[in-house]
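When you line the sequence shown up against my numbering, it's residues 2 to 983, in that order. Using N, Cα and C, we set each Cβ at its ideal position, and we do this for glycine too. Note that this is a predicted model, so its numbers are computed, not measured. Remarks on the structure that follows.
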Amino acid sequence: MTKTYRFRNGLYAKYDRSRLAPSMRAAVVVAALALLAGTAMEVRGQASMGRISGTVVDAETGDPLIGATVVVVGLELGSMADLEGFYLIRNVPAGLHTVRVSMIGYAAKRVTEIQVEPDQVSRIDITVEQELIVADVVEVTARSLENTEASLLKRRQNALSISDAISAEDISRGAQGDVAAAMTRVTGASVVDGKYVYIRGLGERYSTAQLNGTSLPNADPNSKSVQMDIFAANLLDNITTEKTFTPDKPGNFTGGSVNVKTKSLPESFTMSFSTSTKYNTQSSFKDMLSYEGGEYDFLGFDDGTRDIPLPLLNPDVEIPSITSALRDPEAAQLLDLYSKSFTDKSMTPTTIEGGLGQSYALSIGNQTEIAERPFGMLGSVSYNRNVSAYDNGASGIWKRVSREAEGLNRERFATDMSGSEEVLWGGLVNATYQPSITHEIGVNVLYNRSGEKLSRFQTGAWPSSLPGENVRYETRVLSFIEREMRSLQFRGKHVMPSVSNMEIEWTGAFIRSNQDEPDLRYFTNEFQTVDAAGEGAPDFDSYTIALSNYAAPTRYFRNLEESNRDFKMDVTLPFTPWSGLTARLKFGGAYLDKDHTFRERRFSFRQDALQYRNDPVVFFSTARTGILPDEFQDTPGFTRFGNFVSEDSDLRNNYDGDQEVRAGYVMLDVPITRRFKVTGGARYESTLLDVASHETSLTPGRLDEKDWLPSINTVYQVVDNMNFRGAYSRTLARPSFRELAPFASFLFVGDYIFVGNSELKRTLIDNYDFRWEWFNRPGEIYALSYFYKKFENPIERVIVTTNGEIQFQNVDRALVSGLELEFRKQLDQLHPSLGNFQLGGNLSLISSEVDIAPSELAIIRALDPGAAETRKLQGQSPYVVNIDAMYDNTDTGTLVSVHYNVFGERLSEVSTGGTPNAFEQPAGMLDITGSQRLWDRVTLKFSAKNLLDPDIKKVHPYNNEEFIRSLYKRGRTFSLGFSYGI
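Here's what the structure looks like:
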């Protein structure tokens with residue numbers, strides 16, 4: 002039941018939302034799924050037959066062996082490996098079989114004890130060695146090869162650069178719902194605010210994100226990092242994080258480049274469905290803040306309820322001033338019309354009973370033939386809804402007022418309450434066709450949408466703006482943010498046997514993202530407890546809205562759109578320089594064109610003959626908006642108003658940007674000996690980036706740079722399963738559109754104001770990396786890494802004035818170095834009874850320092866003469882720890898996984914003057930997930946997340962005390978569900 006929550010003491014013309022577009026896109030995905038399902042009957046009809054499939058790759062390089070022959074011994078059945086090394090043998094009788102793999106120049110290999118089940122696919126990935134290394138036939142059992150995670154580690158072992166990866170298998174075991182959650186398992190990765198990924202403790206600007214190898218646009222104007230929580234885990238095949246640069250990759254990454262790879266094609270008909278429900282201890286079946294939204298909030302898009310009212314849609318509309326409306330009847334009627342055109346009068350949260358979280362996922366795929374050549378298609382849809390809330394939070398702003406101060410002065414401190422309802426859903430259609438064994442083309446269509454309805458309320462003291470005894474303030478935020486990403490990717494791969502097996506790969510991607518914030522509402526008031534005049538009369542609270550202290554009740558309408566056109570081509574030419582070892586010359590080019598548009602309109606409501614009496618529902622009602630009823634019209638010749646609207650849009654907050662990056666590269670991968678390989682080359686990138694505000698008096702931002710980015714990676718194979726790697730590269734980090742634009746923003750009334758800087762320069766980084774890695778057994782790894790990075794002109798958030806305004810600026814330099822340790826171990830070697838147990842973990846130890854801008858350092862030293870000239874990089878954690886323990890019994894179908902993640906104290910916000918900076922405190926996260934097979938195709942799944950439920954806390958440390966910047970808890974989340982798969 003909804004009730005009003007009463008608190009005490011405490012230039013964009015038209016948004017073309019394409020209301021039906023998401024539904025239509027969903028219908029396309031569903032239709033594709035239905036088409037795939039329709040092919041199931043053919044497959045199901047072969048009940049006594051199964052399939053054998055997998056990949057055949059070079060054991061040394063990991064390269065697919067195109068044309069390798071795979072046959073079932075004793076049967077006239079076989080297949081040839083395609084461009085990806087993939088093979089598929091159909092119509093294999095159920096039972097135990099042996100396959101033989103052969104390829105000219107390679108030792109033959111036999112894989113025995115392959116169990117083929119009716120209507121099932123037996124996945125066998127095979128590595129073969131060159132004849133000069135192994136001359137005899139190699140024989141292995143199938144069981145030793147059946148490990149998706151081990152296969153991914155094998156590819157990592159043979160990779161040119163230093164990288165980490167997470168497979169779909171590992172994501173499923175951890176029951177992560179999206180990419181951001183899964184990234185907590187990557188060595189050196191930490192996730193900020195549940196969506197932004199920091200690699201090696203570096204801030205968001207030093208990590209990039211790609212989808213199937215193409216750059217992703219960003220739908221958040223206040224962040225350079227792509228929000229990784231928009232990708233549902235159900236749509237993924239693996240996530241790879243490259244930590245060293247090679248010339249065939251974009252040069253704008255330093256900490257890491259995260260490539261999200263969507264699901265690959267199935268070998269046969271496959272269908273899976275899963276659902277779960279989630280209970281949170283702070284929100285489910287408890288009162289939480291919310292507000293009345295639109296009919297389609299549950300789908301993550303507004304139904305028009307929050308649109309700019311039709312009479313105000315035209316940005317050129319002129320709203321009469323209150324001065325003219327008081328005396329001019331025509332102006333009064335017009336102002337009355339505009340003021341009452343906002344049909345949703347809500348400016349304060351209500352309370353509702355929080356519900357349960359939900360998730361659903363469905364995927365269907367199949368492989369068939371067109372013109373006797375393989376054609377595969379996969380469709381997948383998913384839906385997730387999460388509810389979160391807290392009512393025990395706190396928020397504060399503090400200031401050091403003198404050199405001798407024993408503590409920090411309270412500028413503002415409030416209790417904090419919040420309620421959030423989030424939705425994430427998406428669909429994927431992936432199709433691939435091989436017109437011949439040496440050619441493959443494909444298309445990938447991806448749609449993702451998320452929406453968050455947020456209600457927030459704070460009340461407390463604000464001495465810096467509201468001095469006086471017993472004076473307090475209340476402020477409210479009602480927000481709805483909807484994000485959308487649409488991706489259309491075309492790809493092709495072609496091998497030319499007549500030209501020394503030259504390989505050509507190309508990709509063309511059209512990706513569009515947008516973030517819409519319709520009707521973002523702020524409302525602040527103050528009140529003071531007043532002594533009653535009469536003896537024995539009770540004290541009372543006097544409420545007011547004082548516009549001299551804070552902004553009037555305001556409604557913002559913001560829209561950001563960004564589109565990418567991304568094209569690249571890679572050409573690889575194998576050759577044999579000496580000793581029969583294969584080298585590769587690789588060259589290519591890339592083109593990225595990006596358009597970015599941000600629009601904002603702002604409407605404020607002020608008061609004429611109306612006073613606030615602590616009832617926001619009545620205060621903002623239609624009867625109190627526009628021209629007041631007759632009983633208030635007590636002055637002849639004047640028309641009295643209650644709340645009346647005025648437009649306060651700021652032209653500088655509307656800007657357009659475009660970016661063009663042209664790139665070309667050449668690199669050489671040369672095996673000096675069988676155990677020592679060198680990969681080197683250089684990339685040339687030409688960048689032109691422009692940002693212009695609609696306020697023409699402001700200087701446009703422009704970045705026009707041409708950069709050579711060299712890279713060298715070396716791999717020495719100490720023994721067959723042990724590598725030592727070394728790498729050097731130069732990379733860059735560009736400012737974002739938001740950082741170059743003069744746009745000013747804040748999170749809530751009284752908070753810091755962030756503004757852009759049109760004079761920013763790009764950052765150049767020299768990177769040095771070393772890693773020792775031992776792949777002890779399939780699925781196991783031990784690794785130790787060291788890295789050192791030197792930054793030239795790093796971009797930092799800098800205090801430029803004493804009024805708390807924060808701007809982005811280049812500072813001279815920054816240094817980052819660190820150690821990473823990683824292990825993953827099966828425990829059967831300790832004792833046979835521990836064969837189902839696996840233990841893994843990683844530790845990152847990182848140090849950093851960045852120069853403080855001279856102007857800011859002068860302000861700091863006015864109060865703290867001994868202040869250092871450097872500080873830590875923002876977002877950098879001194880340590881990151883991940884620990885995993887897993888029990889996996891395939892015989893009983895039981896799986897239990899325990900995961901713990903914690904990061905060290907990291908710099909969150911830079912403070913004004915000599916006030917200590919705010920640091921986010923460590924918050925250990927303990928999760929337990931598990932599954933139990935009930936029947937052949939049905940599995941029960943459960944999870945318990947955030948079991949320790951630590952404080953999520955940011956503090957200003959000073960004189961051995963902690964002064965709270967922000968504080969809240971997330972609550973524990975328990976989920977129960979099931980999955981069904983064919």
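Q. What do you get for V320, buried or exposed, if any count of 16 or more other CB atoms within 10 angstroms of its CB means buried?
A. At residue 320 the sequence reads Ile, which differs from the Val that was named. I320 is buried by the Cβ-count criterion.
Q | Complete beta strand (DSSP E) runs within the region 885–959 (minimum length 3 residues, chain order) | A | The region 885–959 contains these whole beta strand (DSSP E) runs: 895–904, 907–910, 919–921, 926–934, 939–946 and 953–959.
**Q.** Among S419, M497, F511 and W507, the one whose alpha carbon lies nearest that of R477
**A.** S419
(Q) Tell me which residue opens and which closes the alpha helix (DSSP H) that K341 is part of. (A) P330 to K341
Q: Measure the alpha-carbon distance for L835 versus I929 and round it to whole angstroms.
A: 19 Å
Q: Go through its chain and collect everything with a Cβ distance to R641's Cβ below 8 Å, but skip five positions before and after it.
A: L327, D609, A610, I628, L629, F633, Q634 and D635
Q.
For S735, count the other beta carbons within 10 Å of its own beta carbon; 16 or more makes it buried, fewer makes it exposed. Which is it?
A. Checking the sequence shown, residue 735 turns out to be Arg, not Ser. Burial call: buried.
Q. Given that a residue counts as buried once 16 or more other Cβ atoms are within 10 Å of its Cβ, and exposed if not, what is V261?
A. Looking at its Cβ environment, which holds 16 or more other Cβ atoms inside 10 Å, V261 is buried.
Q: Measure the C-alpha to C-alpha separation of S275 and D937 and round it to an integer number of angstroms.
A: 15 Å
(Q) I'd like to check one pair, E483 with K454: are the Cβ atoms closer than 7 Å? (A) E483 is positioned such that its CB atom lies no closer than 7 Å to that of K454.
Q. Taking just the CA atoms, how far does V679 sit from I673?
A. 7 Å
Q) Just checking, does the region 296–308 make contact with the region 360–379 on the three C-beta pairs under 8 Å criterion? A) no
Q. Is V500 helix, strand or coil when you go by DSSP?
A. helix
Q: Check the DSSP bridge columns for T826 and list the partner residues they point to.
A: A small correction: the amino acid at residue 826 is Lys; Thr does not occupy that position in the sequence shown. Answer by DSSP bridge pairing, in chain order: L840.
Q.
Less than 7 Å between CB atoms is the rule here; does I965 satisfy it with respect to chain C?
A. The question asks about chain C, but that chain is absent: this structure has only one protein chain.
Q) Residue range of the beta strand (DSSP E) that S421 falls in? A) N410 to S437
Q: Sort out for me which residues DSSP pairs T476 with in a bridge.
A: Its beta-bridge partners are Q459 and T525.
Q) Is it the case that the Cβ atoms of W54 and V122 are separated by a distance below 7 Å? A) First, the residue type needs correcting, since residue 54 is Ser and not Trp in the sequence shown. Closer than 7 Å, so yes.
(Q) What does the alpha-carbon distance come out to for the pair P701 and A693? (A) 5 Å
**Q.** Length of the line joining the Cα atoms of R607 and N654
**A.** 22 Å
Q) Does DSSP put Y613 in a helix, in a strand, or in coil? A) If DSSP states are grouped into helix, strand and coil, Y613 belongs with coil.
Q. In the structure shown, what three-state DSSP assignment does F755 receive?
A. In the structure shown, the three-state DSSP call for F755 is strand.
Q) What are the partner residues of G116, as DSSP defines its beta bridges? A) In the sequence under discussion, the amino acid at residue 116 is Gln, which differs from the Gly named in the question. L97.
(Q) If you measure between the beta carbons of N768 and K790, is that distance less than 7 Å? (A) Yes; because the gap between Cβ atoms is below 7 Å, this pair is in contact.
(Q) According to DSSP, is A863 part of a helix, a strand, or is it coil? (A) Annotated three-state conformation of A863 is helix, per DSSP.
Q: Can you grab the Cα-Cα spacing for the pair D417 / N387, in whole Å?
A: 20 Å
Q | Endpoints, the beta strand (DSSP E) within which L690 is located | A | F677 to S694
**Q.** Completely contained alpha helix (DSSP H) runs for the region 233–317, where each covers 4 or more residues
**A.** none
Q: Measure how close the beta-carbons of A995 and V129 come, nearest whole angstrom, since I'm counting them as under 8 Å.
A: No answer is possible for residue 995: it lies beyond the span of the chain, which begins at 2 and ends at 983.
(Q) Classify S849: buried if its beta carbon has 16 or more other beta carbons within 10 angstroms, exposed otherwise. (A) That one is buried.
Q. Can you tell which of F788, V572, F541 and V956 has the C-alpha that lies nearest to the C-alpha of L1?
A. The structure shown does not extend to residue 1, since the chain is modelled only from 2 through 983, so no value can be given for it.
(Q) Just to confirm, is the Cβ distance from L840 to L820 under 7 Å? (A) no
Q. So L822 and Y880 are in contact, right, with Cβ under 8 Å, and what is the actual spacing, rounded?
A. A Cβ-Cβ distance of about 11 Å is found for the pair L822 and Y880, leaving them out of contact under the 8 Å criterion.
Q. Where does L97 land, buried or exposed, given buried means 16+ other C-beta within 10 angstroms?
A. For L97, the number of other beta carbons within 10 angstroms of its own is below 16, and it is reported as exposed.
Q. By how many angstroms is the C-alpha of W709 removed from the C-alpha of R684?
A. 6 Å
**Q.** Contacting residues, own chain, Cβ-Cβ under 6 Å from M104 (five flanking each side not counted)
**A.** L66 and A69
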